[in-house]
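Colleague: Right, I'll just put the structure down here and ask away after.
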Amino acid sequence: MVTLRDAVVLVGGFPLLSGLNLELEAGTLSVVTGANGAGKTSLLRLIGGLVGLTSGSGRVSDIDLATGDLRELRRRVGWLGHEGSFYDDLSANENLAFAAKALARPTNEIAGVLDRVGLTSRASMPAKLLSAGQRRRLGLAWILLRRPALWLLDEPYASLDDEGRTFFDQLVGDVVESGATVLVSAHDPLRSSTLHPRTLTLAGGLVVGDRS
Amino acid sequence: MIRTALLVAGKDLRIERRSRVLLWQVLPFGVMGLVLSGLALGPTHAGHSSAGPGLFYLVMLLVTLLMINRSRVIEGSVGTRTSVATLGLDPAGVFLGKALALAVELWVTGAVLLAGAVLVLHTALVGTLQALPSVVVILAALAAAGTLYGALSGGGQGPATLLPVLSLPAFAPLLIAGERSFSASLHGGGLWQWWVISIVALAAYLAVGILLYGVLEDS
Chain A
1 MVTLRDAVVL VGGFPLLSGL NLELEAGTLS VVTGANGAGK TSLLRLIGGL VGLTSGSGRV
61 SDIDLATGDL RELRRRVGWL GHEGSFYDDL SANENLAFAA KALARPTNEI AGVLDRVGLT
121 SRASMPAKLL SAGQRRRLGL AWILLRRPAL WLLDEPYASL DDEGRTFFDQ LVGDVVESGA
181 TVLVSAHDPL RSSTLHPRTL TLAGGLVVGD RS
Chain B
1 MIRTALLVAG KDLRIERRSR VLLWQVLPFG VMGLVLSGLA LGPTHAGHSS AGPGLFYLVM
61 LLVTLLMINR SRVIEGSVGT RTSVATLGLD PAGVFLGKAL ALAVELWVTG AVLLAGAVLV
121 LHTALVGTLQ ALPSVVVILA ALAAAGTLYG ALSGGGQGPA TLLPVLSLPA FAPLLIAGER
181 SFSASLHGGG LWQWWVISIV ALAAYLAVGI LLYGVLEDS
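Protein sequence lines correspond, in order, to chains A and B.
Taking this note's numbering, the leading residue of the first sequence gets 1, the next gets one more, and so forth.
Taking this note's numbering, the leading residue of the second sequence gets 1, the next gets one more, and so forth.
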């Protein structure tokens, strides 16, 4: 699903990734850990086609990161950022309808997706009024609606309570079981009792640890 | 492209309707600008509408800059921009949609300020109504240019102060053409050359935006 060879990403002359090598199999769960500035988010953005490859090579979902259509790649990934990932003045329903229409997906799936993430009762509420945990759930609903083959989740556990973490673990477990590839960034290794991911440690834009 | 444009325009207008920034912040600002302009002219100019077209477009310029910034801010957070980027929307459609939404907002504001110009600056009602078509075209061109320069000045991430500096040279011919055609509607005179400038500028900004918006957004 993901292959990176000596991947370098420079932004403003500063190396965010400095010759990183990585291989991710389809249908697996991996967690990238590391200190602030280690390159976790940059790695996710590179894999999602959101930042260009400066040198080295890489393929994600059969699309070459150097020469391929990055817009097509972006359509194939689901992204959950560590801040709001949608329009604050629109309701949960309207945000999902916008995403569904943009992707030419039927809007009648929205109710089921909102139910899955437990936001049915908040469907008409503007996103800015949702709590941090509910906003995370809305972000997950946005991805669920899209059913991507590759999930990129940037610090998804931030602001989640125990119930939210359990819900998140169950959802990710189901998604991986259905064949999707999930890459999660986190400050610390996962302390989940149900998920057993491969854990990659990043430092200075390089993979310095790899534990299955 | 058209489907994306309508989707983005609908979303922007829905956000604007929901937030009521146009209604409670931008429109009052524009009306106050027009009233203060009338006061600045003083009582000796009351009843003289010669300054009306220029003052109308000066206030519209300020309103346009506010609305462009607003259009950038709603896409501004990194998380939102990233999520929307993963939708893989056609950038030409996004440009057209944002320009269309901005144009609709400017048309609404323009209509209110034209009524204000009749009341406060004493521009002749018939001449003001005759100027409507040229105002519509000029405001559409301002919306297209503003959307393009909004992206050029860094989208939601760039400093807001960069936008006026970058965009004023591009807006200047539009404002001059608008003022001249409005004046010609009020006082008589040649109109066609200002129409040509307005329509060519609108077409040019639309074409450049359709071609370059994606590059500007990605950079």
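C-beta: ideal position from N, C-alpha, C; glycine also.
(1) Hey, does A/Y87 have any beta-carbon neighbour from chain B nearer than 8 Å?
(2) Between which two residues does the alpha helix (DSSP H) harbouring B/P91 extend?
(3) Quick check on DSSP: helix, strand or coil for A/A186?
(4) Closer than 7 Å between beta carbons: that is the criterion. Which residues of the segment 61 to 88 of chain B meet it against chain A?
(5) Short of 6 Å in beta carbon distance, which residues of its chain neighbour B/P164, apart from the five on each side in sequence? Order them along the chain.
(6) Looking at the unbroken alpha helix (DSSP H) that takes in B/S50, where does it start and where does it end?
(7) Could you name the residues of the same chain whose beta carbon sits closer than 7 Å to that of A/G133, not counting the 5 residues immediately before and after it, in chain order?
(8) Since A/P15 sits in a beta bridge, which residues does DSSP pair it with?
(9) Going by DSSP, what residue range makes up the beta strand (DSSP E) through A/T166?
(10) Would you tell me roughly how many angstroms separate the C-alpha atoms of A/S212 and B/A203, rounded to the nearest one?
(11) Starting from A/D214 and walking both ways along the alpha helix (DSSP H), at which residues does that stretch end?
(12) Taking all protein chains shown into account, decide if B/V126 is buried (16 or more other Cβ within 10 angstroms of its Cβ) or exposed.
(13) Closer than 8 Å, CB to CB, is B/I15 near chain A or not?
(14) Quick check on B/F95: buried or exposed, where buried means 16 or more other Cβ atoms within 10 Å of its Cβ?
(15) Starting from A/L114, find everything on chain B with Cβ-Cβ shorter than 9 Å and list it in chain order.
(16) For A/A180, does the count of other Cβ atoms within 10 angstroms reach 16, so buried, or fall short, so exposed?
(17) At 8 Å on the CB atoms, spell out the chain A contacts of B/R18, in chain order.
(18) Just the chain B side, please: which residues come within less than 9 Å of A/L183 by C-beta, in chain order?
(19) Can you give the Cα-Cα distance for B/K11 and A/L73, rounded to whole angstroms?
(20) Going by other Cβ atoms of all chains shown within 10 Å of its Cβ, with 16 needed for buried, is B/L129 buried or exposed?
(21) Once the 5 residues before and after B/G209 are set aside, which same chain residues still bring their CB inside 7 Å of it?
(22) Measuring CA to CA, which of A/A104, A/V175, A/V9 and A/K128 is closest to A/L214?
(23) In its own chain, which residues sit with a C-beta less than 6 Å from the C-beta of A/V31, not counting the 5 before and 5 after it?
(24) Report the option in A/D115, A/L145, A/G12 and A/L17 whose CA atom is closest to the CA atom of A/V207.
(25) Shorter than 8 Å from the beta carbon of A/R137 to some beta carbon of chain B?
(26) What's the C-alpha gap between B/S19 and B/G214?
(27) Considering only residues of the same chain and omitting the five flanking positions on each side of A/I110, which have a CB-CB separation below 6 Å?
(28) Tell me the residue span of the alpha helix (DSSP H) that contains B/G209.
(29) Relative to the C-alpha of B/A141, which candidate in B/V196, B/A40, B/N69 and B/L216 has its C-alpha closest?
(30) If you run the structure through DSSP and keep just helix, strand and coil, what is A/N36?
(31) For B/G97, I'd like the list of residues in its chain whose CB is within less than 6 Å of its CB, leaving aside the five on either flank, ordered along the chain.
(32) Quick check on DSSP: helix, strand or coil for B/I74?
(33) In the DSSP assignment, what residue or residues form a beta bridge with A/L109?
(34) DSSP state of B/V59, grouped into three classes?
(35) Terminal residues of the continuous beta strand (DSSP E) containing A/A203?
Modeller: From the atom records:
(1) yes
(2) P91 to V120
(3) strand
(4) Listed by position along the chain: I74, S77, V78, G79, T80, T82, S83, A85, T86, L87 and G88.
(5) L65
(6) Where B/S50 is concerned, there is no enclosing alpha helix (DSSP H), given that its DSSP letter is neither H nor E.
(7) S159, L160, D161 and G164
(8) A/L10
(9) Note, A/T166: premise wrong, no beta strand (DSSP E); alpha helix (DSSP H) at D162 to E177.
(10) 58 Å
(11) Summary: the structure shown does not reach residue 214 of chain A, with chain A confined to residues 1 through 212, and so no result is reported for it.
(12) exposed
(13) yes
(14) buried
(15) Here the premise fails: no neighbours, minimum Cβ distance about 17 Å.
(16) buried
(17) D89, L90 and P126
(18) Result: empty, since nearest Cβ-Cβ is about 14 Å, beyond 9 Å.
(19) 24 Å
(20) The residue in question, B/L129, is exposed, as its Cβ has fewer than 16 Cβ neighbours within 10 Å.
(21) F95, A99, A144, T147 and L148
(22) What the structure shows of chain A is the stretch from 1 to 212, and residue 214 of chain A is not part of that stretch, so it cannot be assessed.
(23) V184, A186, L190, P197 and T199
(24) If we check each option's Cα against that of A/V207, A/L17 comes out closest.
(25) By this cut-off, A/R137 is not an interface position.
(26) Cα atoms of B/S19 and B/G214: separation of roughly 27 Å, rounded to the nearest angstrom.
(27) L96
(28) W192 to D218
(29) B/V196
(30) coil
(31) A5, V8 and A9
(32) coil
(33) Inspection of the sequence shows that residue 109 of chain A is occupied by Glu rather than by Leu. Per DSSP, none; premise fails for A/E109.
(34) DSSP places B/V59 in the helix class (H, G or I) of the three-state scheme.
(35) R198 to A203
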